[in-house]
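Quick note: the sequence shown uses our numbering, first residue 103, plus one each step. See structure below.
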Amino acid sequence: MLQALLAVVICGGLQAAPAEVSPRTNVVFIMTDDQGIWSLGCYGHAEPHTPGVDRLAAEGVRFTQAFATTPVCSPSRATFFTGRIPSQHGIHDWIKHENMGERARYCLVGETLISEVLAEHGYTCGMVGKWHLGDSLGPHAAYSYWFAMLQGSGPYQNSDMIWNGQVIKTTGYATDRITDHAVEFLELNRDKPFFLNVSYGAPHSPWRDHPQELVDLYKDCKFDSIPKLPTHPWSAFDVERLRNHEILSQYFAACSGVSRGVERIMATLDTLRLTEKTLVIYTSDQGFCVGHHGLWSKGNASNPRNMYDTSLRIPLIWRQPGRLPQGTSSEVLFSAYDFVPTLLAYLGLPPSPGRNLPGQSFAKALEGQAQKTPDAVFGEYGRTRMIRTRNLKYVHRADGGPHELYDLEKDPGETDNLADRPEHRSRLIALRSRLFDWFERYGEAGRDPVGQEYLRPADKE
């Protein structure tokens with residue numbers, strides 16, 4: 103179902119007149135790892151020290167209802183870059199063995215990534231930071247500049263990284279080294295259209311070894327915003343043990359380190375006089391829990407896997423001075439699978455042909471125009487499926503449950519599961535039917551871990 107929404111809610115900001123689409127609009131795409139919106143000042147939280155990201159939001163459009171499709175690293179990133187869900191691209195969990203060594207292999211063979219589409223249209227593409235889609239030595243997907251982490255996470259000090267196909271030893275803080283290479287790419291490619299993927303490993307674990315000046319920003323912080331709930335019965339971790347001042351200070355220090363990198367990237371664009379020619383996007387691969395729901399981590403923080411908003415909801419900011427409104431927010435329901443069609447439309451490029459993409463473009467919404475927008479987003483993690491509207495969420499587990507139904511209007515914290523209550527049966531059946539129909543439409547045989555047989559019409563009763 104589609105409903106007409108005023109896509110952008112102006113919150114006291116300046117409304118910029120839409121500019122003529124230029125084929126030379128550059129793109130800097132910044133992605134963090136495991137960052138909840140509660141760790142950013144621009145999302146209304148007082149404790150985080152994130153002035154760089156806060157400035158980005160003040161100068162752009164901030165989405166308040168953006169969601170990862172899968173609450174774990176590799177499948178989420180694959181969806182961002184292909185526009186296809188795990189039951190299409192085939193990556194359903196974080197990649198453990200295929201990054202380096204004898205078992206290394208590129209895990210998106212046969213898929214078309216956004217970098218490849220842009221390269222076909224004359225963009226020079228650079229990748230710096232976390233790859234985590236297999237065969238980290240690269241380069242892949244039309245990237246001509248490649249400075250990559252070896253695995254999905256690693257030490258923050260003196261890290262081994264990949265540069266020009268070789269493993270090298272870096273010195274100092276890994277977040278700063280990623281920023282260094284982002285700046286170098288911008289300087290080298292100032293005179294040509296570019297797409298730069300800056301993928302920080304922060305604030306993913308390990309929660310240690312961040313620069314002391316960043317940790318000290320939180321030495322007097324009481325972290326009153328962090329829930330003090332007991333460990334959830336499904337939790338894979340001892341939350342009471344992890345939820346201490348030192349680890350929280352390290353997590354927030356990692357977020358501050360990324361923010362410092364964002365400031366450097368914006369300053370470089372200013373120096374190169376590229377600010378108005380460059381779209382900067384900031385997001386995370388998924389959210390994170392540091393005590394929320396009594397969990398620590400994201401979708402794989404629990405058994406069964408969870409699909410809570412704190413695991414799925416992500417920051418999303420788009421900024422291009424002179425074209426996009428400044429200091430505004432959008433309440434449209436945006437999923438990671440909407441990123442590719444939105445970016446291509448924004449750049450004035452044709453949509454990716456075929457491939458049965460489930461997403462749509464929100465380019466009009468970005469520029470303050472009204473447009474029809476979906477009233478639901480969908481997610482999956484293995485054999486767990488989710489549909490989320492503005493007011494309801496239904497989580498279905500193919501192995502017989504437990505299923506979950508939440509009234510988000512009355513229960514935004516997702517604490518009161520209504521799935522087994524007879525008075526809510528009709529709402530559950532309606533959401534389940536929509537969920538099954540959606541995956542019947544988009545899931546592909548051999549890549550859908552639930553399978554078409556499970557989704558036969560009889561199961562919708």
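Ideal placement from N, C-alpha and C gives every residue a C-beta, glycine not left out.
Per the Cβ contact rule, the segment 451-458 is not in contact with the segment 470-484 (fewer than 3 Cβ pairs under 8 Å). Put simply, the segment 354-374 does not touch the segment 424-434. Fewer than three CB pairs are less than 8 Å apart.
Approximately 5 Å separates the beta-carbon atoms of residue 196 and residue 174; this is inside 8 Å, confirming the contact. DSSP lists 132 and 230 as the beta-bridge partner residues of residue 300. Sequence-distant Cβ neighbours of residue 273 in its own chain, meaning closer than 7 Å and more than five residues away, are 260.
DSSP, reduced to helix, strand and coil, places residue 168 within a strand of the structure shown. Residue burial annotation: residue 460 is buried, with at least 16 other C-beta atoms found within 10 angstroms of its C-beta.
Counting along the chain, residue 507 sits inside the beta strand (DSSP E) bounded by residues 506-509. Here residue 481 is bridged, per DSSP, to 488. Residue pairing for residue 247: DSSP places it in a beta bridge opposite 228. Of all alpha-carbon atoms in 135, 528, 503 and 467, the one lying nearest the alpha-carbon of residue 494 is that of 528. For the 9 Å CB-CB criterion, residue 135 and residue 238 do not form a contact. A direct Cα-to-Cα measurement between residue 251 and residue 524 gives close to 50 Å. With distances taken between CA atoms, residue 327 lies nearest to 146 out of 536, 146 and 514.
Under DSSP, residue 415 takes part in a beta bridge, and its partners are 169.
By DSSP's assignment, residue 268 forms a beta bridge with 265. CA-to-CA, the gap between residue 530 and residue 312 works out to about 45 Å.
A distance below 6 Å between beta-carbons, with the five flanking residues on each side excluded, links residue 160 to the following residues of its chain, in chain order: 429. Taking each of 539, 307 and 348 in turn and checking the Cα distance to residue 322, the smallest one comes out for 348.
Bounds of the beta strand (DSSP E) holding residue 432 are 430-432. Straight across, the Cα-Cα distance linking residue 344 with residue 398 is about 8 Å. The C-beta distance from residue 163 to residue 427 rounds to 6 Å, short enough to meet the 8 Å contact threshold.
In the structure shown, residue 499 adopts extended strand secondary structure according to DSSP, grouped into three states. Secondary structure note for residue 448: its alpha helix (DSSP H) is the uninterrupted segment 441-448. Secondary structure note for residue 383: it is in no alpha helix (DSSP H), and the uninterrupted beta strand (DSSP E) holding it is 380-386. The alpha helix (DSSP H) runs of length 4 or more contained entirely in the segment 292-346 are, from start to end of the chain, 314-317 and 341-344. Taking a contact to require three or more Cβ pairs closer than 8 Å, the segment 369-381 and the segment 324-339 do not qualify as touching. Here residue 206 has 200, 236, 237, 238 and 239 as same chain residues with Cβ atoms under 8 Å from its own Cβ, once five neighbours each way along the sequence are excluded. An exposed status is given to residue 318, since fewer than 16 other beta-carbon atoms sit within 10 Å of its beta-carbon. Per the DSSP secondary-structure output, residue 361 pairs with nothing in a beta bridge. For residue 309, the closest of 315, 270 and 258 by C-alpha to C-alpha distance is 258. Excluding five sequence positions before and after residue 520, the CB atoms of its chain that fall closer than 6 Å to its own CB belong to 507 and 526, given in chain order.
Following the DSSP letters along the chain, one finds residue 474 inside the beta strand (DSSP E) bounded by residues 473-476. With fewer than 16 other CB atoms across the displayed protein chains lying within 10 angstroms of its CB, residue 290 is exposed.
Sequence-distant Cβ neighbours of residue 221 in its own chain, meaning closer than 6 Å and more than five residues away, are 227 and 244. The beta-carbon distance between residue 357 and residue 152, rounded to whole angstroms, is 6 Å. This is short enough to meet the 8 Å contact definition.
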